[in-house]
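Step one of this worksheet: look at the structure below.
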Amino acid sequence: MKALTVKPLSAGSAELSDIPEPEPAEGSVLIEAVAVGVDGTDQEIIEGAYGEPPPGKDRLVLGHESLGRVLEAPAGSGLSPGDLVVAFVRHPDPVPCQQCAAGDWDMCVNGRYTEHGIKGRDGFIRERYRVDPDRVIVADPALGDLAVLVEPVSVVAKAWDHIERIASRATWKPKRALITGAGPIGLFAAMLGAQKGIDVHVVDRVTEGPKPALVEDQGWCYHSDLDQTEEGGFDAVIECTGVGPLVFHAIEHTAPAGVMALTGIASSDRKVPLDASALNKDMVLNNTAVFGSVNAGRRHYEQAAEALAKADPKWLERLVTRRVPLDRWQEALERQPDDVKTVISFGDAP
151 MKALTVKPLS AGSAELSDIP EPEPAEGSVL IEAVAVGVDG TDQEIIEGAY
201 GEPPPGKDRL VLGHESLGRV LEAPAGSGLS PGDLVVAFVR HPDPVPCQQC
251 AAGDWDMCVN GRYTEHGIKG RDGFIRERYR VDPDRVIVAD PALGDLAVLV
301 EPVSVVAKAW DHIERIASRA TWKPKRALIT GAGPIGLFAA MLGAQKGIDV
351 HVVDRVTEGP KPALVEDQGW CYHSDLDQTE EGGFDAVIEC TGVGPLVFHA
401 IEHTAPAGVM ALTGIASSDR KVPLDASALN KDMVLNNTAV FGSVNAGRRH
451 YEQAAEALAK ADPKWLERLV TRRVPLDRWQ EALERQPDDV KTVISFGDAP
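To convert, take the position in the sequence shown, counting from 1, and add 150; that gives this note's numbering.
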């Protein structure tokens, strides 16, 4: 069968390969791929920045944002042939650490976890793959191939979940939220904030193309400059760019007792001038909490699926700006000016 593979840490090694059918040892549920979203992580692995193949292999199958259709499932698994499913990216470490042992593999503390398409485990840009029944959730068939968005939404579902958990240290009635970055992660963070009844503001440097319209058409506020936002801080901030100067500028816009989640990572080595003492003083005096967040646990995938089911399907459809067949995978990874979310499609959509 066909798969998009790469030799990790070797730039330019990506190719459409013929690989064997998935081994039963990978899992008891056989799934055929329907769609796989691509993002900056895939691009960085292709460029040789990181990535780790499965043990005993020198190539890694790419892809971690999955949507598949069950072909075979064991009796009693809760799955049936034809079910649309989304597979979890991360698997707990085999030791396990206290977090993985409790089922919170997204909070692994010893780094021995594996991740489909990223670290030590083949990904989903292949025609068929296997997982165990406890490594998937069933997607709402009404979403069709838009259910491929569950995984990226799960990332910000976790950020919101942890914001609310941290904010519960005191009485918290959030009114305003700031999202920095209007890529898919930022737009989904805004979507979840709006579903919580919060006044959402999105900041992104672009002034043209689909992003401003995608924000404003939902009744949210769009800004191309953080200083354009109304005076007053934001109760919740989700930073989705990883751009150093913007990260610290956003901290300055966090309201007293506010909570800020960092979800973005930038590849730049650029140094950022910072008055650390002043920042420390402001954070202490304002009870500001800032934390990092990556990956997602089961409950976050479930929250993501629920959020997508509530969303306007026409708006979600506008986010998927390109669907590219597997045999033209290069096009999926070539950034276009009006791209928001690009998906590699397998066969007919459900």
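Ideal Cβ placement from N, Cα and C applies to all residues, glycine included.
Model, not experiment: these values are computed from the prediction.
In whole angstroms, what is the alpha-carbon distance linking residue 306 and residue 237?
Locating residue 306 in the sequence shown gives position 156, where the first residue counts as 1. Locating residue 237 in the sequence shown gives position 87, where the first residue counts as 1. Cα to Cα, residue 306 sits roughly 17 Å from residue 237.
To which residues does DSSP link residue 371 through a beta bridge?
The residue given as residue 371 occupies position 221 in the sequence shown. DSSP lists 351 as partners of residue 371.
Measuring CB to CB, does residue 493 end up less than 9 Å from residue 298?
The residue you call residue 493 lines up with position 343 of the sequence shown. The residue you call residue 298 lines up with position 148 of the sequence shown. Cβ atoms of residue 493 and residue 298: closer than 9 Å.
May I ask you to list the residues that DSSP assigns as paired with residue 168?
Here residue 168 refers to the residue found at position 18 of the sequence shown. Paired residues: 152.
Since residue 268 is in the beta strand (DSSP E), which residue starts that stretch and which ends it?
In the sequence shown, residue 268 corresponds to position 118, counting from 1. Counting along the chain, residue 268 falls outside any beta strand (DSSP E), and DSSP gives it neither H nor E.
Have a look at the DSSP bridge pairing and note the partners of residue 441.
Here residue 441 corresponds to residue number 291 of the sequence shown, with the count starting at 1. 411, per the DSSP bridge assignment.
Exposure of residue 347, with buried meaning 16 or more beta-carbon neighbours within 10 Å
Against the sequence shown, residue 347 aligns to sequence position 197. Residue 347 comes out exposed.
Just mark residue 453 as buried or exposed, buried being the case when its beta carbon has 16 or more other beta carbons within 10 Å.
Indexing the sequence shown from 1 puts residue 453 at position 303. Buried, since its Cβ has 16 or more Cβ neighbours within 10 Å.
Note down the Cα distance separating residue 233 from residue 213, rounded to an integer number of angstroms.
Here the question's residue 233 lines up with position 83 in the sequence shown. Here the question's residue 213 lines up with position 63 in the sequence shown. Roughly 20 Å between the two C-alpha positions.
Beta bridge counterpart(s) of residue 388 as assigned by DSSP:
Residue mapping note: residue 388 aligns to position 238 of the sequence shown, counting from 1. Looking at the DSSP assignment, residue 388 forms a beta bridge with 329 and 411.
Identity of the residue in 345, 450, 223 and 273 nearest residue 195 by Cα:
Here residue 195 refers to the residue found at position 45 of the sequence shown. The option with the nearest alpha carbon to residue 195 is 273.
Does the beta-carbon of residue 370 have 16 or more other beta-carbons within 10 angstroms, so that it is buried, or is it exposed?
Here residue 370 refers to the residue found at position 220 of the sequence shown. So residue 370 ends up on the buried side.
On the DSSP bridge assignment, give the partners of residue 279 in chain order.
Along the sequence shown, read from residue 1 onward, the residue named residue 279 stands at position 129. 181, per the DSSP bridge assignment.
Have a look at 356, 416 and 463 and flag the residue whose alpha-carbon is nearest the alpha-carbon of residue 487.
One-based indexing of the sequence shown puts residue 487 at position 337. Comparing Cα positions, the closest option is 356.
Beta carbon of residue 504 nearer than 9 Å to that of residue 496
No answer is possible for residue 504: it lies beyond the span of the chain, which begins at 151 and ends at 500.
Thinking C-alpha only, which one of 439, 471, 310 and 319 is nearest residue 408?
Stepping through the sequence shown from its first residue, residue 408 is reached at position 258. Looking at the Cα atoms, 439 is the closest of the given residues.
Along the chain, where does the alpha helix (DSSP H) containing residue 174 start, and where does it finish?
Reading the sequence shown from its first residue, position 24 is the one you call residue 174. From DSSP, residue 174 is part of no alpha helix (DSSP H); its letter is neither H nor E.
Counting only the same chain and skipping the five closest in sequence on each side, list residues whose C-beta sits under 7 Å from that of residue 243.
Within the sequence shown, numbered from 1, the residue matching residue 243 stands at position 93. Within the same chain, residue 243 has close Cβ partners 250, 258, 260, 262 and 263.
To which residues of the same chain is residue 482 closer than 8 Å at the C-beta, ignoring the five residues directly before and after it?
As a working mapping, residue 482 is identified with position 332 in the sequence shown. Closer than 8 Å at the Cβ level, and outside the excluded window around residue 482, lie 188, 472, 474, 492, 493 and 494.
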